[in-house]
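Colleague: The structure is given below, and queries will be raised subsequently.
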Amino acid sequence: MKIYNTLTRKKEDFIPLEEGKVKMYVCGPTVYNYIHIGNARPMIVFDTVRRYMEYKGYEVNFVSNFTDVDDKIIKKAMEEGIPAEEVAQRFIKECKRDMAGMNVRPATTHPLATQEIGGMIELISTLIEKGYAYAAADGTVYYRTRKFKDYGKLSHKNIDDLQAGHRDIKVTGELKEDALDFVLWKPKKEGEPYWESPWCDGRPGWHIECSEMAKKYLGNEIDIHAGGEDLIFPHHENEIAQSEAANGVEFSKYWMHNAFLNVDNKKMSKSLGNFFTVRDISEKYDLQVLRFFMLSAHYRSPLNFSEDLMEAAKNGLERIVTAAEHMRHLQKTAPEGEVTEQEAELLEESKTFAEKFDTAMDDDFNTADGISAVFELVKFINTNVSSDNTKAFLQKLYKNLQTLCDVLGIIIDKEEEILEAEIEQLIAERQAARKEKNFARADEIRDILLEKGIILKDTREGVQWKRV
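Quick note: the sequence shown uses this note's numbering, first residue 145, plus one each step.
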C-alpha cells in the first residue's frame with residue numbers, strides 16, 4: 145500500500161509504527177453552522193481511507209476533533225444572545241446527523257477542544273520550559289517559530305519568505321519577539337468564554353488544540369495526520385512545530401491532504417451564491433449520491449461540483465444499487481444446493497474485480513479506479529446471473545459486491561428502511577406533541593425521521609412526507 149506523503153512530496157510504502165495498528169488523526173470542523181460540501185470532502189475521503197485500512201486487516205484508532213471554541217462560534221453566540229457552548233453543541237449534533245447521512249462512521253474518539261484545555265496548558269508550559277515559547281506582558285503566549293529548525297518542512301516554505309499568517313486574533317506586533325511567532329494562548333475579551341491559566345484568563349490558540357488532542361488520544365507519534373490542503377499552512381505546519389518541540393519525536397509519519405472542491409468551476413463562496421451546505425444537498429439528493437460523487441475523483445485532484453456531475457453520480461450509484469436489488473430478488477426463489485461447476489468458474493473469474501479494486505486502493509487510495517472496478521463487477525453480475533442460479537452462488541457474488549461497496553461506504557441494501565406504517569405512527573405522535581405545545585419532542589421526531597431519510601412538509605391539508 146502506497147500513500148502520497150505531503151511531507152516528502154512522493155508516494156511511500158505504508159509501514160505502520162506498530163504492526164497491525166494505525167493511529168490516524170483528522171482535523172474536524174469548527175462547529176458554528178451546518179457543515180458545507182467543502183467540509184464533507186475530507187470527512188468522506190478519510191472515512192474511506194479508514195474503511196480500506198480496516199478491510200486490509202488493520203486496527204484503526206481514528207480520532208477527529210470538533211473545534212468548539214473559536215471566534216466564529218463566539219460571534220454566532222453573541223448574535224443569538226446565547227452561550228457559545230450552546231451554539232457548539234447544537235451544530236455538533238447537526239454535523240453528526242449529516243455525517244450519518246453520508247455514511248461517515250463515528251470516529252473512535254471525537255474530542256472537544258473545550259474538554260482538553262488542561263492538557264493544552266500543560267503542553268504550552270512544556271514549550272515555555274524548553275525555550276520554544278514565551279509569555280508577553282499582556283499574558284499572550286507565543287511560539288518562537290525561528291527556534292524550530294525544521295519550520296516549513298511540510299509546506300515546503302522558506303521561513304525567511306514567510307509572513308505571519310494564522311487564524312489567531314491580530315495583536316500588536318510589539319508584544320512579539322518576531323513577526324512570525326504565533327499564538328498559543330490568548331487573553332480573554334469581554335463576554336467571551338475563558339479558562340484560567342498561569343499566564344492570564346483566556347483561551348488556547350487554534351493550533352495547540354490539535355497538537356494536544358492528537359497526543360492525548362493517539363500518543364506522541366502517530367501514523368497518519370490528515371485534512372484539507374488549506375490546512376497545510378499554517379495549521380499543520382504549526383502543529384508539527386509545537387508537537388515535535390514538546391515531545392522530542394517525529395509527530396506524524398504520513399501527512400495526507402485532499403484537494404479543494406469548486407462549484408461550477410469557481411471557488412465556493414457565499415458572495416458568489418454558490419455556497420451549499422450538506423443539508424441543502426440532502427433536500428434534493430440522497431447523501432449517498434454526494435458520497436459517491438466525492439469518491440468519483442482521486443482525493444488529491446481538485447473536484448468540481450455541479451448539478452450535471454451530481455446527476456451522473458446519481459445514475460452511476462443507481463446502476464450498482466439496481467444490480468444488488470436484482471440479486472436479492474433472485475435469491476428469494478433460487479434453488480438450494482451446492483454451487484455448480486460452472487458457477488464456481490464464474491466466482492473464480494469475479495475475483496479479478498476485487499483484485500483490480502485492491503490495486504487501485506493500494507495506489508494512494510485511488511477511489512476513482514476503485515469505482516471502475518465495482519462497475520466492471522456490476523456488468524459481470526448483470527451478464528451472468530439469472531433465475532437458474534443456485535442461492536449459494538448468488539449469495540457469494542452478492543457478498544463480493546457488498547464488501548467492495550462497504551469499503552467505499554456505499555449502502556446497497558436499503559431493506560432496513562422503515563415501513564410506511566412506522567412513518568405514519570411517528571407523524572401522528574409528532575402532531576399530538578405539537579398540539580400539547582411539546583415542540584422539543586416534535587422536533588425530535590422530525591429529526592428521527594430525517595435521519596431515516598424521511599422529509600416532512602407541513603401543509604394546510606396536513607403533513608406530507610417523502611423519502612430523500
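Cβ coordinates follow ideal geometry from the N, Cα and C atoms, glycine included.
With a threshold of 6 Å on Cβ separation, who are the neighbours of Q608 within its own chain once the five nearest residues in sequence on each side are excluded?
Modeller: K601
Colleague: Might you give, ordered along the chain, the residues of its own chain that have their beta carbon closer than 7 Å to the beta carbon of N247, omitting 5 neighbours on each side?
Modeller: Q432, R435, G553 and I555
Colleague: With D242 and R423 assumed to form a contact (beta carbons below 8 Å), what rounded beta-carbon distance in angstroms separates them?
Modeller: 6 Å
Colleague: Alpha carbon to alpha carbon, how far is A279 from I376?
Modeller: 26 Å
Colleague: Restricting to runs no shorter than 3 residues, where is the beta strand (DSSP E) found entirely within the stretch 192–264?
Modeller: At a cut-off of 3 residues, the continuous stretches assigned as beta strand (DSSP E) that sit fully inside the stretch 192–264 are 203–208.
Colleague: Quick check: what's the CA-CA separation for A512 versus D557?
Modeller: 22 Å
Colleague: Thinking just about the alpha-carbon of each residue, which of K332, P348, E381 and I265 is nearest to the one in K301?
Modeller: E381
Colleague: How is V175 classed by DSSP in three states: helix, strand or coil?
Modeller: Note: V175 maps to coil in three-state DSSP.
Colleague: Would you mind reading off the limits of the beta strand (DSSP E) that contains T603?
Modeller: I598 to T603 is the span of the beta strand (DSSP E), which, as asked, contains T603.
Colleague: Mapping DSSP to helix, strand and coil, what is V315?
Modeller: Confidence at V315 is low in this model, with a pLDDT of 46, below 50, so its placement is unreliable and the value that follows should be read with caution. Coil, per DSSP.
Colleague: Under 9 Å between the Cβ atoms of M454 and L538?
Modeller: no
Colleague: Are the stretch 197–214 and the stretch 450–469 touching by the rule of at least three beta carbon pairs closer than 8 Å?
Modeller: no
Colleague: Would you mind reading off the limits of the alpha helix (DSSP H) that contains L490?
Modeller: E485 to D506
Colleague: Based on the DSSP output, what are the partners of M412 in its beta bridges?
Modeller: In the DSSP output, where bridge partners are listed per residue, M412 has none listed.
Colleague: In chain order, what residues of the same chain have a beta carbon less than 6 Å from the beta carbon of N391, not counting five sequence neighbours either side?
Modeller: The beta carbon of N391 lies closer than 6 Å to those of N364 in the same chain, with the five residues before and after it left out.
Colleague: Are D325 and T270 close, meaning C-beta to C-beta below 9 Å?
Modeller: no
Colleague: Determine the burial state of E595: buried for a count of at least 16 other Cβ atoms within 10 Å of its Cβ, exposed for fewer.
Modeller: Counting of Cβ neighbours within 10 angstroms places E595 among the exposed residues, the total staying below 16.
Colleague: Suppose the cutoff is 7 Å on Cβ atoms and the five residues either side in sequence are ignored; what does the same chain contact list for K410 look like?
Modeller: L416 and N418
Colleague: Please state whether DSSP places I556 in a helix, a strand or coil.
Modeller: coil
Colleague: Return the bridge partner residues of R347 from the DSSP annotation.
Modeller: K330
Colleague: To which residues of the same chain is A244 closer than 7 Å at the C-beta, ignoring the five residues directly before and after it?
Modeller: E595
Colleague: If you scan the stretch 351–409 from start to end, which runs of the alpha helix (DSSP H) of 4 or more residues do you find wholly inside it?
Modeller: 381–391
Colleague: In chain order, what residues of the same chain have a beta carbon less than 6 Å from the beta carbon of G514, not counting five sequence neighbours either side?
Modeller: Correct list, in chain order: F501, A504 and M505.
Colleague: Spell out the partners DSSP gives L447 in its beta bridges.
Modeller: L405
Colleague: Using a Cβ-Cβ cut-off of 6 Å (strictly less than) and excluding sequence neighbours within five positions of M145, which residues of its own chain qualify?
Modeller: F158 and D506
Colleague: Looking at A478 and F497, is the spacing between their C-beta atoms short of 9 Å?
Modeller: No, Cβ-Cβ distance for F497 and A478 is not below 9 Å.
Colleague: Where does R645 land, buried or exposed, given buried means 16+ other C-beta within 10 angstroms?
Modeller: Past the boundaries of the shown model lies residue 645; the chain is included only from 145 to 612, so the question cannot be answered.
Colleague: Sort out for me which residues DSSP pairs A279 with in a bridge.
Modeller: V285
Colleague: Can you tell me whether DSSP reads V166 as helix, strand or coil?
Modeller: strand
Colleague: Going by beta carbon distance, what residues of the same chain come within less than 7 Å of I268, once the five residues before and after it are set aside?
Modeller: Non-local beta-carbon contacts of I268 in its own chain, meaning distances under 7 Å to residues more than five positions away in sequence, involve A277, V285, L328, W329 and I352 in chain order.
Colleague: With D157 as the anchor, note down where its beta strand (DSSP E) starts and where it stops.
Modeller: K154 to D157
Colleague: With the cut-off set at 9 Å, would you say V407 and S450 are in Cβ contact?
Modeller: It is a contact, given that the beta carbons lie within the stated cut-off.
Colleague: On the DSSP bridge list, what partners appear for T421?
Modeller: H180
Colleague: For the putative contact between N510 and H442, defined by C-beta atoms under 8 Å, what is the C-beta separation to the nearest angstrom?
Modeller: That pair is a contact at about 6 Å.
Colleague: Between the C-alpha atoms of E588 and E469, what's the straight-line distance to the nearest angstrom?
Modeller: Spanning the two alpha carbons is a distance of roughly 32 Å.
Colleague: Are the CB atoms of A228 and P331 within a distance shorter than 9 Å?
Modeller: no
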